[in-house]
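Here's the structure we're looking at; comments come further down.
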Amino acid sequence: MDQTGILLTAAGMGAVALAIRASPLLLLGGRKLPRPIEEALHFLPAAALAAITVQLLVVRDGALQVSIDDVTWWALLPSVAVAILTRSTFLTVAVGMAIVAGSRLIAG
Amino acid sequence: MNEAAQPSPRAPWWHDAGRGIVQILPVLPAYSAVAIAFGVLAVDNGIAPWLAIVMSALVFAGTAQLAAVPMIALGLPPAAILATAAVICARFLAMSAALAPYLRHLTWWQRLFYSAHIASANFAIHVTQLPLRQVPTAELFAANLTGYVIWVAATAVGAVAGQRAGDLDRFGIDFAMPAMFVALLAGAIRNRGQAAAAVFGGIATIVLLAAGASHWTILLAASAGCAAGWSLHTWTKRGSS
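Here it is in structure tokens:
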């Protein structure tokens with residue numbers, strides 16, 4: 003593919019990504035929806051956050067992979083504890099990263 | 167006269183914007199690492215550095231960009247590349263729909279502008295903040311734009327330097343994103359319906375990944391979790407009335 007082709011492909015990908023990102027927000031965001039849908043949407047944030055969290059934790063190099071050798075699994079429990087106790091994103095990320103970095107340092 | 171009855175003066179916009187930037191700071195190293203990796207991969211596959219940077223600026227979706235590079239290198243038809251990008255971006259449907267009820271106060275153009283910068287990290291921040299308080303528009307856009315600017319800048323670093331900046335995972339950067347999501351998820355669960363939505367969403371994710379749903383996973387799992395939470399909510403409401 004020549005440079006023009008790559009540029010057009012990138013522009014097309016951008017248009018596709020924008021259409022997907024924008025359509026719910028533009029279609030659902032402008033008016034009040036029927037009450038059941040409105041109610042149901044309030045459970046979507048927790049569900050979507052949980053789905054993304056789990057995917058971040060179990061997917062390695064594009065494949066489902068769970069191993070006790072993986073230090074990020076061991077860092078998960080203290081991170082959850084810090085998250086619940088402090089309610090601070092900063093502290094949770096800092097403690098979690100410190101545990102992972104520390105374990106890797108010790109493991110060599 | 168009656169100054170006590172006046173609403174407190176609005177904080178200046180840069181104050182709000184500053185808070186938006188601070189919120190997204192913890193994941194910027196993780197963002198940068200992915201963008202640098204994309205820049206390196208693109209140049210390795212014969213894409214000009216300026217095109218890699220333009221691609222990051224136009225698309226702003228890590229997985230879709232990383233998937234497109236080998237397809238471009240192989241000379242696959244653009245239609246196939248766009249279709250792949252659409253499937254990979256399916257997760258944005260769930261994010262955008264979850265944010266929609268809380269962004270009604272924005273104008274149509276503001277919502278369009280907001281949409282362009284939806285990504286996992288700022289979605290997670292905003293979807294947990296918006297139900298709790300009226301988040302100033304400057305704060306929303308500042309978080310989004312910070313992530314976007316860092317994304318494009320780090321792509322440039324990867325594309326121009328052409329080498330991975332050492333093994334960043336040594337510093338635990340790969341755990342920044344999961345840790346942030348754990349923290350925000352903990353804050354997003356405030357009732358039994360939401361707890362059920364999260365548990366079902368999480369279980370559905372593993373089941374769907376095991377079944378090979380790959381890029382459809384987030385959209386399907388989030389919908390399933392949402393349905394579970396809503397069912398529990400309506401069922402207990404009916405039982406109590």
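In order, the protein sequence lines correspond to chains B and Z.
Just so we're aligned, residue 3 is where the first sequence starts under the working numbering, counting upward by one.
Just so we're aligned, residue 167 is where the second sequence starts under the working numbering, counting upward by one.
Ideal Cβ positions, reconstructed from N, Cα and C, are used throughout, including at glycine.
Residue A65/B holds the alpha-carbon nearest to the alpha-carbon of A376/Z among A103/B, A65/B, L93/B and V102/B. Counting of Cβ neighbours within 10 angstroms places T273/Z among the exposed residues, the total staying below 16.
Here the segment 7-14 of chain B makes contact with the segment 233-251 of chain Z; the two share three or more CB pairs at distances below 8 Å.
Nearest to G184/Z by alpha-carbon distance, out of F347/Z, L311/Z and S281/Z, is L311/Z. Contact check for I219/Z and N288/Z: beta-carbon distance about 21 Å, past the 8 Å limit, so the pair fails to qualify.
G205/Z sits close to V323/Z, with the two beta carbons spaced by under 8 Å. By the Cβ test, the segment 340-360 of chain Z is not in contact with the segment 255-273 of chain Z, since fewer than three Cβ pairs between them sit closer than 8 Å. Under the Cβ distance rule, F307/Z does not count among the residues neighbouring chain B, no pair being separated by less than 8 Å.
By the Cβ test, the segment 360-378 of chain Z is in contact with the segment 386-398 of chain Z, since at least three Cβ pairs between them sit closer than 8 Å.
Look at A53/B: its C-beta is under 8 Å from a C-beta on chain Z.
As a beta-bridge residue in DSSP terms, L66/B pairs with V61/B.
If you draw a straight line from the Cα of V235/Z to the Cα of R37/B, it comes to about 44 Å. Secondary structure note for D210/Z: its alpha helix (DSSP H) is the uninterrupted segment L194 to D210. In this structure T229/Z is not in contact with A53/B, their Cβ atoms being roughly 15 Å apart against a cut-off of 8 Å.
Between G98/B and F347/Z, the gap from beta carbon to beta carbon reaches 8 Å or more.
At a C-beta separation below 8 Å, G368/Z has these neighbours in chain B: A52, A53, T55 and V56.
Identification of chain B residues near L350/Z by a Cβ-Cβ cut-off of 8 Å yields L51 and T91, ordered along the chain. Taking a Cβ-Cβ threshold of 8 Å, the residues of chain B close to T383/Z are A53 and Q57, in chain order. The alpha-carbon separation between I291/Z and Q300/Z amounts to approximately 13 Å. The three-state reading of DSSP puts G338/Z in coil, since its state is none of H, G, I, E or B. Taking CB atoms only, T371/Z has a neighbour in chain B less than 8 Å away. Cβ proximity to chain Z below 9 Å picks out L29, L30, G31, G32, R33, K34, L35, P38, E40, E41, A42, L43, H44, F45, L46, P47, A48, A49, A50, L51 and A52 from the segment 29-52 of chain B. Within the model, the alpha-carbon separation for F307/Z versus G313/Z is close to 10 Å. From the beta-carbon of I86/B, the residues of chain Z found nearer than 8 Å are A352. Taking a C-beta distance under 8 Å as the contact criterion, V102/B and A85/B do not qualify as a contact pair. Judged by DSSP in its simplified three-state form, F45/B adopts coil rather than helix or strand.
The beta-carbon separation of V73/B and S25/B, rounded to 40 Å, does not stay under the 8 Å limit for a contact.
For the segment 244-278 of chain Z, the set of residues with a beta-carbon nearer than 8 Å to any beta-carbon of chain B comprises P244, I247, L248, A251, A252, C255, A256, R257, F258, L259, A260, M261, S262, A263, A264, L265, A266, P267, L269, R270, L272, W274, R277 and L278, in chain order.
In this structure S281/Z touches L20/B by the C-beta definition: roughly 7 Å separates them, less than 8 Å. Contact annotation: A362/Z and L46/B have beta-carbon atoms that are not nearer than 8 Å.
Neighbourhood of Q360/Z in chain B, by CB distance below 7 Å: F45 and A48, in chain order. DSSP places S281/Z inside the alpha helix (DSSP H), whose first and last residues are W274 to A282. Collapsing the DSSP output to three states places G241/Z in coil. Taking R336/Z as the centre and dropping the five residues before and after it, the same chain places no C-beta closer than 7 Å to its C-beta.
For L269/Z, the secondary structure class from DSSP, reduced to helix, strand or coil, is coil.
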